[in-house]
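So that you can map any letter, position 172 of the sequence shown is 247 in the working numbering, and since no number is skipped, the others follow by simple counting.
Glycine included, C-beta positions come from ideal geometry on N, C-alpha and C.
Here's the structure, in structure tokens; my notes come after.
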Amino acid sequence: MKQNQKINQPFHSKYRPHNLNTVLGQDHIISYFKVALINKRLNFAYLFFGKHGVGKTTMSRIIAKSLNCSSPNKLRSYEPCNRCINCININKGKAFDLYEINAAMNTGIDNIRELIEKIQLSPVNNAFKVCILDEVHMLSPNAFNALLKILEEPPKNVIFMLITTDVKRVPNTIISRCHKLCFLPITKKDLAISINNIIFFEKGNITNNAIQHIINTSEGSFRDAINIVDMLMTKNKNITQTYCSFLLTETSYSLSYLFLKYLISKDIRKIMQIYNYFEEKTWLVSSLIKQMKIILQDIINNKTNLFLTDSYLVHLWQLLIKYDISFSCEEILSLFISDLILLFSKTNFLLTSDINLKKKKIPTMLKMSVVYIYQC
Ligand SMILES: [Zn+2]
Numbered sequence: 076m077k078q079n080q081k082i083n084q085p086f087h088s089k090y091r092p093h094n095l096n097t098v099l100g101q102d103h104i105i106s107y108f109k110v111a112l113i114n115k116r117l118n119f120a121y122l123f124f125g126k127h128g129v130g131k132t133t134m135s136r137i138i139a140k141s142l143n144c145s146s147p148n149k150l151r152s153y154e155p156c157n158r159c160i161n162c163i164n165i166n167k168g169k170a171f172d173l174y175e176i177n178a179a180m181n182t183g184i185d186n187i188r189e190l191i192e193k194i195q196l197s198p199v200n201n202a203f204k205v206c207i208l209d210e211v212h213m214l215s216p217n218a219f220n221a222l223l224k225i226l227e228e229p230p231k232n233v234i235f236m237l238i239t240t241d242v243k244r245v246p247n248t249i250i251s252r253c254h255k256l257c258f259l260p261i262t263k264k265d266l267a268i269s270i271n272n273i274i275f276f277e278k279g280n281i282t283n284n285a286i287q288h289i290i291n292t293s294e295g296s297f298r299d300a301i302n303i304v305d306m307l308m309t310k311n312k313n314i315t316q317t318y319c320s321f322l323l324t325e326t327s328y329s330l331s332y333l334f335l336k337y338l339i340s341k342d343i344r345k346i347m348q349i350y351n352y353f354e355e356k357t358w359l360v361s362s363l364i365k366q367m368k369i370i371l372q373d374i375i376n377n378k379t380n381l382f383l384t385d386s387y388l389v390h391l392w393q394l395l396i397k398y399d400i401s402f403s404c405e406e407i408l409s410l411f412i413s414d415l416i417l418l419f420s421k422t423n424f425l426l427t428s429d430i431n432l433k434k435k436k437i438p439t440m441l442k443m444s445v446v447y448i449y450q451c
């Protein structure tokens, strides 16, 4: 890298909240911790759950700072000062008494054993040791058992913050020992205010339509929203709807390939999973269909991995061409699925019997699509 090149701090780090009152959209959790911190009545284990990018890890770090802040003014305040050595070390990720483990990458029992060994000793500089276990649902069964043992007899002055985007995968035995706090998706209004603030600080401009587009794409995730703003502003500080649409309307190749694979193998359950994913992202449907058409064309031309009759693939390709139209049509995917059912039944594949003889098995969403086409 040339010496005069510098890497800008990413927005999600630059605009990360550093105290409770600036965490977005989680007022119910903030008010809970304000009381708990002032009265020094914290539980030894918390489970933070909710979708990604809504402030779970950020909140954990702020609480770790607040518990260990050494500012003389701290006594009656729930907020960390962000200036004392303890706060600074946590902000820099260099605190001895804060353990952050990403369970998605450290799934094994050895990782948990190592953590348990470390927390047996008294805190080095601080009043509390705080263990943040991100994506805790990814732990192996043995690692969960080890974690359960330490939660049954927790060492003094240790607080566990278990974080998950998929609470159903966390064993009940673990959940029952934690105070559970549900993080909500960020409201459109809060996201709009944040995006406007960031654009103002970065001396840029943005249209209302572009803000709406970013909000729809980020689906309640603050991190996704500011990452999109970061990406858009890298090239142009004036963000318009057109520029925004241009950058955000591409579906990944791998997802298109996967969808096509399910269409070819007629795996209705998987087809519906992807259908549900795209249902809320209608602006991506056009690029999805375009990409599938190109991939399928390549398969037909190269005759690679053909395990079905050519005529079925050609019919499928013709169907895709039919729907290769402007992305302004929000019903494309729904209509496409309806036509797909007809194609399946016409081409005498196993779905013929499924659809005609076992109607109860057709997923509800699929039925709605069929109903839709007849209502038009
Ligand atoms: Zn401090």
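Asked: Start-to-end residues for the beta strand (DSSP E) that takes in Val205; Found: Lys204 to Asp209
Asked: Whole-Å CB distance - Pro260 paired with Lys126, under 8 Å assumed; Found: 6 Å
Asked: N-terminal and C-terminal residue of the beta strand (DSSP E) that Ala120 is part of; Found: Ala120 to Phe124
Asked: 8 Å contact criterion, which Ile184 and Ser215 should meet: CB distance rounded; Found: 7 Å
Asked: Coarse secondary structure for Glu455, derived from DSSP in three states; Found: Outside the shown range of the chain (76 to 451) lies residue 455, about which nothing can therefore be said.
Asked: Environment of Ile225 [buried if 16+ CB atoms lie within 10 Å]; Found: buried
Asked: Cβ neighbour criterion (16 or more within 10 Å) applied to Arg116; Found: exposed
Asked: Own chain partners of Asn164 with C-beta closer than 7 Å, once the 5 adjacent residues on each side are dropped; Found: Ala170
Asked: 7 Å Cβ cutoff met for Ala120 and Phe235; Found: yes
Asked: Pro246 CB to nearest heavy atom of ligand 1 below 6 Å; Found: no
Asked: Local Cβ density within 10 Å of Val233, reported as buried at 16 or more and exposed below that; Found: buried
Asked: The segment 151-160 in contact with the segment 91-98 per 3-pair CB rule at 8 Å; Found: yes
Asked: Contacting residues, own chain, Cβ-Cβ under 6 Å from Ile375 (five flanking each side not counted); Found: Leu388
Asked: Three-pair Cβ contact test at 8 Å for the segment 296-304 versus the segment 252-271; Found: yes
Asked: Backbone secondary structure at Tyr318 - three-state DSSP; Found: helix
Asked: Own chain partners of Thr427 with C-beta closer than 8 Å, once the 5 adjacent residues on each side are dropped; Found: With a pLDDT of only 37 at Thr427, under the threshold of 50, the placement of this residue in the model should not be trusted, and no figure is reported.
Asked: Contained alpha helix (DSSP H) runs [length at least 4] in the segment 262-345, N- to C-terminal order; Found: 263-276, 283-293, 297-310, 316-323 and 328-340
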